[in-house]
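Visitor: Numbering (the numbering used here), first residue to last: -17 to 658.
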Amino acid sequence: MVYDQTKKKYLKKIKLLEKYNKFYFESSHPLVSDKEYDQLKLDILKIEKKFPYLKDKNSPSLKVGFKPSKNFVKAKHRVPMLSLSNAFSEEDLNNFEKKIINFLSLKQSSELEFSAEPKIDGISASLNYKNGIFVKGLSRGDGIEGEDITDNLKTINDIPKKILSKNFPSEIDIRGEVFITNNDFKSISEKFANPRNAASGSLRQKNSKETQKIPLKFIAYTFGYASNLSIENQSDFLSNLKGWGFKISKFNKTIKGIKNLVLYHDQFEKKRYNIDYDVDGIVYKINNFDLQKRLGFVANAPRWAIAHKFSADSSISKIINIDIQVGRTGALTPVAKIKPVNIGGVVVSNATLHNEDEIIRKDIRIGDVVKVERAGDVIPHVISVDKSKRDEKSKKYIFPNKCPSCGSKTVKDFNEQTKKHDAVRRCINDGFNCEKIAMENIKHFVSKDALNIDGLGKKVVEKFWELKIIKYPQDIFKLDYHKIEKLDGWGELSVSNLKYAIEKSKNIKLSKFIYSIGIRHIGQENAKLISKHLKRPENFFKLPIKSGIESLLNIDGIGETQIKSIKKFFSNKSNLNVLMELKKFMKIIEDVDLKKEGLLSNKTFMFTGKLKEMSRAEAKSLVEKNAGKIISNVNKKLNYLVIGEKPTNKKVIKAKDLNINVITQDDLIRMLNKTS
Ligand code: IVH
-17 MVYDQTKKKY
-7 LKKIKLLEKY
3 NKFYFESSHP
13 LVSDKEYDQL
23 KLDILKIEKK
33 FPYLKDKNSP
43 SLKVGFKPSK
53 NFVKAKHRVP
63 MLSLSNAFSE
73 EDLNNFEKKI
83 INFLSLKQSS
93 ELEFSAEPKI
103 DGISASLNYK
113 NGIFVKGLSR
123 GDGIEGEDIT
133 DNLKTINDIP
143 KKILSKNFPS
153 EIDIRGEVFI
163 TNNDFKSISE
173 KFANPRNAAS
183 GSLRQKNSKE
193 TQKIPLKFIA
203 YTFGYASNLS
213 IENQSDFLSN
223 LKGWGFKISK
233 FNKTIKGIKN
243 LVLYHDQFEK
253 KRYNIDYDVD
263 GIVYKINNFD
273 LQKRLGFVAN
283 APRWAIAHKF
293 SADSSISKII
303 NIDIQVGRTG
313 ALTPVAKIKP
323 VNIGGVVVSN
333 ATLHNEDEII
343 RKDIRIGDVV
353 KVERAGDVIP
363 HVISVDKSKR
373 DEKSKKYIFP
383 NKCPSCGSKT
393 VKDFNEQTKK
403 HDAVRRCIND
413 GFNCEKIAME
423 NIKHFVSKDA
433 LNIDGLGKKV
443 VEKFWELKII
453 KYPQDIFKLD
463 YHKIEKLDGW
473 GELSVSNLKY
483 AIEKSKNIKL
493 SKFIYSIGIR
503 HIGQENAKLI
513 SKHLKRPENF
523 FKLPIKSGIE
533 SLLNIDGIGE
543 TQIKSIKKFF
553 SNKSNLNVLM
563 ELKKFMKIIE
573 DVDLKKEGLL
583 SNKTFMFTGK
593 LKEMSRAEAK
603 SLVEKNAGKI
613 ISNVNKKLNY
623 LVIGEKPTNK
633 KVIKAKDLNI
643 NVITQDDLIR
653 MLNKTS
């Protein structure tokens, strides 16, 4: 009873604080005095200290990021602001290097040169300069479209407002990080959970006078659009930035070879706490701009850069039990239920043990004293076991070999690339035959990035599942709303909202649809690539016919792993049935493709034989960059067959028969150099 009352009181205070925040950040009129605001926050923190289990996801101690205010005008980035892939180990870096070497078809022993730059944990911004004048500043937003926060950015002293240097491009977007030093943060720490939030919150003030009060800093590191920039590499670009009047990091360094990157990373990691702002890793970028251009991007991250992250906060706790969770892809994930422990300000009571191999390798047992690590919003995980504290009677943990949900056999897939078995054990009963997998599939289907049905969160899906209201994704469209209205916690209004959200979700773009149905290895980016390639929604449903699935291999970014997974998906009867049912209820529409103009637009290409100084992947990406399309069969739709060394004769003969242009790699390059 006392618990319930405290919880009520606590949640009420959180709600009130949220209301104050909204006014504070989105309008220039705070609802209460700073003192009153601070007192409310202190009250909340006090309750949390006494009852850590009450901690709500909206607690000020956990808050990261603010919803972008609706007050700012949105604007498109001329060149998208991309994100970076992460590396956590030397092995990750070696793989990163190998991919680059293969893509560029370089000698395996090549030593690449990188620009190594601290990754400041702030908020990125893009500053547009025209004829030396800072005219417009955008936040990153979703990378494609940002918010116009020019006035707020103008309050930052580190941002030059006028640049007179002769060699400054007539138009350029300078990009970098807005942040606040830890020292400056101290004076406003009552209002924000951490320095990153402080920077983000201040940048989103409606009134730039409020932003001005906060000592924000700016460090520049890259550019988006640039007119006639004649610089050859990143390190020279950084020196130029300095010459133009921007602040750059004094820790930037040009480094050759992975071993030396690791040395630099480890040295920096040791001194990171002596620096007065948060750095969460080192970014490595291929130094040479020509190579960067050749390497290009996969999905929304460049092939030529990676962020090597630092290790995270950790604490010691004890494993009370091990739960096996069955995920959407059938993966059996062992999760340690641990004695609740505070790690870097967050109470953690679950920590992933990743997979069976990891348990065996570390010999993790129930009752063990373990070190648990947590980094940002990544799920906490068990790092190591303190075997000296182990109970003599403890027994080795035996991983179940049957699916805990449906009792089916579980297997570890053989990976053709690594020639090893996967570390992850999976339930073989995929599709919708295993209850847990089916339920996870439905949760995914309605989730924010998929159908985005408001009012159908994970808990509601679980409840509806339990009550046998839903079993398959299509059941969402057959709900008995009268029945739902009578359920605990539901009413006329919430049911009508749900109905509205479901109706709205029926119209869906093909890329979203592909992502929503939850094919393993097909995330949002891959779904977009596939949708762009297939164009018409019917083509997706026709994929299993002839060699439709194989043809997806032509897409830059789609490989054998994805193809195998798509095949498996379509070979499962329950999946096919779900697809057919969904088709009845949903209106799937073609993604609007901003017609890409390029030297090769409307032309199709196919390659045969070994190419010179270029991998097949690079050749494909080159064709696509210029708006051409790759196809995998010699047929009437093919315009050019590009032949390298030792081509397949059959293909050449067939192409000649069909009057298709048979050209060499040099011919292709000449086509591309024509007007550019
Ligand atoms: S380069 C394609 N350089 O990291 C290149 N980013 O995950 C992407 N960041 O949004 C940006 N320091 O906020 C780059 N020296 C640096 C960086 C850096 C921090 C942040 C930036 C970006 C995120 C990418």
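C-beta atoms are modelled at their ideal positions from N, C-alpha and C, and glycine is treated no differently.
1) Count the other CB atoms, across all protein chains shown, that sit within 10 Å of the CB of Leu(-1); report buried if there are 16 or more and exposed otherwise.
2) Determine the burial state of Asn423: buried for a count of at least 16 other Cβ atoms within 10 Å of its Cβ, exposed for fewer.
3) Between His464 and Met568, what straight-line distance do the alpha-carbon atoms span, to the nearest angstrom?
4) Classify Asn383: buried if its beta carbon has 16 or more other beta carbons within 10 angstroms, exposed otherwise.
5) With H, G and I counted as helix, E and B as strand and the rest as coil, what does DSSP make of Leu120?
6) Roughly how many angstroms lie between the CA atoms of Val46 and Gln274, to the nearest whole one?
7) Note down, in chain order, each residue of its chain lying with its Cβ closer than 7 Å to the Cβ of Ser10, except the 5 sequence neighbours on either side.
8) Which residues end up in the neighbourhood of the ligand IVH when you take C-beta atoms closer than 6 Å to any of its heavy atoms?
9) Consult DSSP for Val352 and reduce its assignment to one of helix, strand or coil.
10) Restricting to Cα atoms, I'd like to know which of Lys453, Glu153, Leu449 and Val354 is closest to Val367.
11) Give the single residue among His336, Asn584 and Val352 whose Cα lies nearest to the Cα of Lys321.
12) Determine the DSSP secondary structure at Val624, reduced to helix, strand or coil.
13) For Pro34, does the three-state DSSP call read helix, strand or coil?
14) Look at Ser97 and Lys267 and say whether their C-beta atoms are less than 9 Å apart.
15) Quick check on the DSSP output: the beta strand (DSSP E) that includes Ile83 runs from which residue to which?
16) Does Gln399 pass the burial test, meaning 16 or more other C-beta atoms within 10 Å, or should it be called exposed?
17) Is the stretch 26 to 46 in contact with the stretch 84 to 96, if contact means three or more CB pairs nearer than 8 Å?
18) Looking at the strands, I want to know which residues DSSP matches up with Cys409.
19) For the alpha helix (DSSP H) that contains Asn110, what are its first and last residues?
20) In the DSSP assignment, find the beta strand (DSSP E) that holds Arg157 and state where it starts and stops.
21) For Ser221, report the span of its alpha helix (DSSP H) as first-last.
22) From the DSSP output, in three-state form, read off Val14 for me.
23) What span of residues does the beta strand (DSSP E) with Thr586 cover, start to end?
24) By Cβ distance, which residues of its chain are closer than 7 Å to Ile237, with the 5 residues on each side in sequence left out?
25) Distance, Cα to Cα, Val280 vs Lys39?
26) Can the beta-carbon of Leu525 be found closer than 9 Å to that of Phe495?
27) What's the gap between the Cα of Glu579 and the Cα of Asn608?
28) For Tyr111, which residues from the same chain have a beta carbon less than 6 Å from its beta carbon, with the 5 sequence-adjacent residues on both sides left out?
29) If I follow the unbroken beta strand (DSSP E) through Gln307, where does it start and stop?
30) Quick one: what's Pro284 bridged to in DSSP?
31) If Lys491 sits next to Asp573, beta carbons under 8 Å apart, how far is it from one beta carbon to the other, in whole angstroms?
32) Excluding five sequence neighbours on each side, which residues of the same chain lie with their C-beta closer than 8 Å to the C-beta of Gly437?
33) In whole angstroms, what separates the C-alpha of Val323 from that of Ser297?
34) Starting from Asn655, follow the alpha helix (DSSP H) in both directions and report where the run begins and ends.
35) Taking 9 Å as the threshold (C-beta atoms), are Ala599 and Asn84 in contact?
Guide: So, from the data block:
1) It counts as buried.
2) Residue environment for Asn423: buried (at least 16 other C-beta atoms within 10 angstroms of its C-beta).
3) C-alpha separation (whole angstroms): 22 Å.
4) Around the C-beta of Asn383, fewer than 16 other C-beta atoms lie within 10 Å, and the residue is accordingly described as exposed.
5) Under the three-state reduction of DSSP, Leu120 is assigned to strand.
6) For Val46, the predicted model reports a pLDDT of 35, less than 50, meaning its position is unreliable; a value from the coordinates is still stated below. Answer to the nearest angstrom: the Cα atoms are 33 Å apart.
7) With a pLDDT of only 46 at Ser10, under the threshold of 50, the placement of this residue in the model should not be trusted, and no figure is reported.
8) Counting every residue whose Cβ lies closer than 6 Å to a heavy atom of the ligand IVH, we get Leu64, Ser65, Leu66, Glu99, Lys101, Ile102, Ser106, Arg122, Glu159, Tyr203, Thr204, Val265, Pro284, Ala287 and Ala289.
9) Here Val352 sits in strand by DSSP.
10) Checking every option, the nearest Cα to that of Val367 belongs to Val354.
11) The candidate whose alpha carbon is nearest that of Lys321 is Val352.
12) Correct three-state label for Val624: strand.
13) In the three-state DSSP reduction, Pro34 falls in the helix class (H, G or I).
14) In contact: Ser97 and Lys267 (Cβ atoms closer than 9 Å).
15) Bounds of any beta strand (DSSP E) do not take in Ile83; it lies within the alpha helix (DSSP H) bounded by Glu72 to Leu86.
16) With fewer than 16 other Cβ atoms inside 10 Å of its own Cβ, Gln399 counts as exposed.
17) With the cut-off at 8 Å, the stretch 26 to 46 and the stretch 84 to 96 do not touch.
18) Partner residues in the beta bridge of Cys409, as assigned by DSSP, are Thr392.
19) Counting along the chain, Asn110 falls outside any alpha helix (DSSP H), though it belongs to the beta strand (DSSP E) covering Ile105 to Lys112.
20) Run containing Arg157: Glu153 to Phe161, per the beta strand (DSSP E) assignment.
21) Following the DSSP letters along the chain, one finds Ser221 inside the alpha helix (DSSP H) bounded by residues Gln216 to Trp226.
22) The three-state reading of DSSP puts Val14 in coil, since its state is none of H, G, I, E or B.
23) Unbroken beta strand (DSSP E) run through Thr586: Thr586 to Thr590.
24) Counting only Cβ-Cβ distances below 7 Å, and skipping sequence neighbours, we find Phe96, Ala98, Leu243 and Tyr246.
25) Near 33 Å, if we compare the C-alpha coordinates of Lys39 and Val280.
26) Contact: no.
27) Roughly 8 Å between the two C-alpha positions.
28) Contacts found: Ile154.
29) In the DSSP assignment, Gln307 falls within the beta strand (DSSP E) that extends over Asp295 to Val308.
30) Note: Pro284 sits in a beta bridge opposite Phe279.
31) About 5 Å separates the two Cβ atoms, so the contact holds.
32) Same-chain partners within the cutoff: Ser476, Asn479, Leu480 and Ala483.
33) In this structure, the CA atom of Val323 is about 7 Å from the CA atom of Ser297.
34) Per DSSP, Asn655 is one residue of the alpha helix (DSSP H) stretching across Gln647 to Asn655.
35) Yes, the Cβ-Cβ distance between Asn84 and Ala599 is below 9 Å.
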